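Reviewing the structure listed below.
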Amino acid sequence: MSEYDITIVEASISYNNSVIRWVFPPDFETEAMRIMPGKSKSTGRTFSWLFLLALFGLYLYLMLGGNTLSLEPWHTVRLAEEFSEEKRASIKTFEQYLSLEERLFKELDQRIYNEPDGSTRFDLCRYRSGSPADPHRLAPNWNRSFELVSEKPAGGVLLLHGMSDSPYSLRALGEALNRRGYWVVGLRLPGHGTVPSGLKVVTWEDMAAVVGLAAQHLSAKIGRQPLHIIGYSTGAPLALNYSLDALENKTLQIPASLILISPAIGLHPAAGLAGIKDFLSFLPGLGQMAWLSIQPEFDPYKYNSFATNAGNQVYRLTRSVKRRIAAWAQDTDVETFPPILVFKSTVDATVSENAVVDDLLNPLHSARHELILFDINRLSLKSSLLSSNPAPLTERLMSDQSLPFTLTLVTNENQESMAVVAIRKDPQSNGSLEISDLHLQWPRGVFSLSHVALPFPPNDPLYGEQAPAGGNLLHLGQMDLRGERNVLKIPCDWLLRMRFNPFYEYLERRTIQWEEDANRRPSS
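Given below as C-alpha cells:
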C-alpha cells in the first residue's frame, strides 16, 4: 500500500462489460501547477482535468477502434527458461547460461514448433515447421550463442548483436576473425533468438549481466591475450557499459579495443515515451500497445515485431551510458579508455545521427578513436526524389576542424562517378586530407546504406546481393519486385531498406587492422 491517500476516478463503458478505473494521486493538480509556473490553481485544475479527459478519450479510441492488428502465440507466450533478473543468483557462469539456453530452445520447440497448427501450415513464417523461414532447416542455428575456438588464440573477440537481432548479425565478422586466430564468442542476448514476446519483459540490466558472464568466460579462455568487443546497434552501448565496469572493477579484463557498428548511442527524445506506452498496455483492451510494431515473422534470425519495452530499454541503456561516459571523461584520464573504431551510415533512421559524436567521441576527446562514416551515393544527389539535405552529418563533420578523433569518409570519387574512395581527416585537422582508392563501387540503384546493412557482406546467404545457388534457401536481400501494394506479406518499406553492405570488405579489413594494432599497444 502507498503511504499516500488516493483519489479514484471511475467510469464504465459497455465494451466487453469492462470497468475502467483511473487512479491518480490527490496532488495531481499541484504537479500540473509545477510544470506551469505562474499560473493560478484554477488553471492547474483545468489543465489536470483536460489531461484526464484527453487520456480517457485516447483509451476509448484505442479500445473501440484503434486496435486492428492480431497477436500470434509468439507475441504472447512467455518462455520460462529465459534468463531474467530472478535467475541471476543461480546463473553465475557462461557455461550455466549456455545450459539454460539449451533448456530454453527445447521449451521453444515444445510450446511453438511442436504445436499442431505450427507443424501443418507451410507458409513464410519462422514459427511454422518446414517453412523456408524455419531456422531449424539450417545448421547451426544462428539464433543461439556460438563459440569459435582457437588452439593458440591471438586474442578474444566478444560479439554483441542488436535489439531484436540474433548472433547471426555478426556471424561473418566472427568467422573472419577466427580465421585470423581469434577465439570468438557470439553471444545471444536474453529475450532474443526465440519469440518476440521475449522483448516484452527483458531489461538492459539482464543483457548487461550476461555480457559480463561471456566476457569473463572469454578472458579465461585466452589467458593474457587481449580482449576485443564488437557491438552492433544496441550491442554498442552494452560494450561501452562493460568497458566502464571493467575500468572501475580491477577483477574484470579491460578490452584492448572496441568496434561499434551502427551504434545506438542516442535515440530521439520521443523514445522516452515508450515507457508510458508500455504502461498503458496493461489496461483492458490495450494489449497491442505493448508493441511498437506487429509484423509477420518471416525472418529466421531477426524479429520483425518490436516490443514497446524493447524501445524503452534501449532508451534507458543509452541514457545510462551517456551519463557514465560524461562523468568518467570529466574525472579520469581519457587516454585510458579502450580505443574505439566506429562504423556508421551518415543516414540512419533508427538512431540519432549526431549522438555518436556529441555523446561519445567528443566527450572522450582522444586521437585514439576513429569514426568511419559511409556517405550517401553522391551520384544520386542529382535525383529530385531525394530530400533537400539528405546527409547533414557528412557536411557537419567534414567542415569541423576541431574534431578530436580521426574521421574517414567513404564516399564517391566525385559526383560523376560510382567509384568509392576513403577520405581520411586527422584529429584537429586544418583541412589536409588523405584519399585512398578502395577499388569498390556503389551498386546500381543504391542511394545509401542503412542502420541494418553494415555488418552483412554482399554474399550473405540471407541478406546479400544475390540469392545463393540452389534456389531452395530463403533470400531476403536485394529483391527487385514490382506490383500492386497490399499484396506482399513483406512491408514495402522493408523491401526498400538496404540489407547488405557493398563496402563490407573495407569494414572487415579495418576491423582486423584495428584489433591487430591494439594488440601491439602496451596494456593500460
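Under the working numbering, the letters of the sequence shown match residues 13 to 536, in that order.
Just so it is clear, CB atoms sit at the ideal spot from N, CA and C, and this is done for glycine as well.
The model shown is predicted, which means the values in this text are computed figures rather than measured ones.
Contact between residue 185 and residue 242 is confirmed by a C-beta separation of about 6 angstroms, below the 8 angstroms threshold. Secondary structure of residue 327 (DSSP, three-state): helix. Excluding five sequence positions before and after residue 238, the CB atoms of its chain that fall closer than 6 angstroms to its own CB belong to 167, 268 and 531, given in chain order.
Within the segment 348-435, the runs of beta strand (DSSP E) at least 3 residues long that lie entirely inside it are, in chain order, 352-357, 382-386 and 418-424. Taking all protein chains in view, the Cβ of residue 489 is crowded by 16 or more other Cβ atoms within 10 Å, so the residue is classified as buried. DSSP, read as helix, strand or coil, puts residue 159 in strand. Residue 526 is positioned such that its CB atom lies closer than 8 angstroms to that of residue 353. When rounded, the separation of the alpha-carbon atoms in residue 520 and residue 464 is 16 angstroms.
Secondary structure at residue 437: strand, using DSSP grouped into helix, strand and coil.
Shortest Cα-Cα distance from residue 452 to any of 446, 474, 423 and 427 involves 423. Note that the C-beta distance between residue 276 and residue 245 is below 8 angstroms. Counting along the chain, no alpha helix (DSSP H) covers residue 313, and no H or E run does either.
Under the DSSP assignment, residue 529 falls in the alpha helix (DSSP H) whose first and last residues are 516-532. Taking the CA atoms as reference points, residue 414 sits about 38 angstroms from residue 190. Assignment of beta-bridge partners to residue 270 by DSSP yields 241 and 352.
Looking only at 303, 331, 439 and 322, the smallest Cα-Cα distance to residue 252 is reached by 331.
Taking residue 344 as reference, the option from 125, 90 and 256 with the minimal CA-CA separation is 256. The alpha-carbon separation between residue 522 and residue 320 amounts to approximately 35 angstroms. The closest CA to that of residue 500, considering only 310, 112 and 435, is found on 310.
The continuous stretches of alpha helix (DSSP H) do not include residue 195, which lies in the beta strand (DSSP E) extending over residues 194-199. DSSP places residue 204 outside both helix and strand once states are collapsed to three, so it counts as coil. With a minimum length of 4 residues, the unbroken runs of alpha helix (DSSP H) contained wholly in the segment 215-262 fall at 216-234 and 247-260. Take residue 136, set aside five residues on each side of it, and the residues of its chain with a beta-carbon closer than 7 angstroms to its own are 143, 144, 145, 310 and 501, in chain order. Non-local beta-carbon contacts of residue 477 in its own chain, meaning distances under 8 angstroms to residues more than five positions away in sequence, involve 455, 470, 471, 489, 490, 512 and 514 in chain order. In the three-state scheme derived from DSSP, where H, G and I count as helix and E and B as strand, residue 322 is classed as helix.
With a cutoff of 8 angstroms on beta-carbon distance, residue 372 and residue 337 are scored as near each other.
Residue pairing by DSSP puts residue 303 in a beta bridge opposite 319. In this model, residue 175 and residue 326 are separated by some 8 angstroms (Cα to Cα). Closest in alpha carbon position to residue 100, among 202, 155 and 154, is 202.
In the structure shown, residue 452 falls within a strand segment according to DSSP collapsed to helix, strand and coil.
The beta carbon of residue 247 lies closer than 7 angstroms to those of 172, 173 and 174 in the same chain, with the five residues before and after it left out. For the set 169, 116 and 164, the Cα lying nearest the Cα of residue 226 is the one of 169. Going by DSSP, residue 186 is part of the alpha helix (DSSP H) stretching over 183-191. Linking residue 197 to residue 303 through their CA atoms gives a straight-line distance of about 31 angstroms. Distance check between residue 164 and each of 148, 192, 139 and 183 places 192 closest, using alpha-carbon atoms only. Bounds of any beta strand (DSSP E) do not take in residue 500, whose DSSP letter is neither H nor E.
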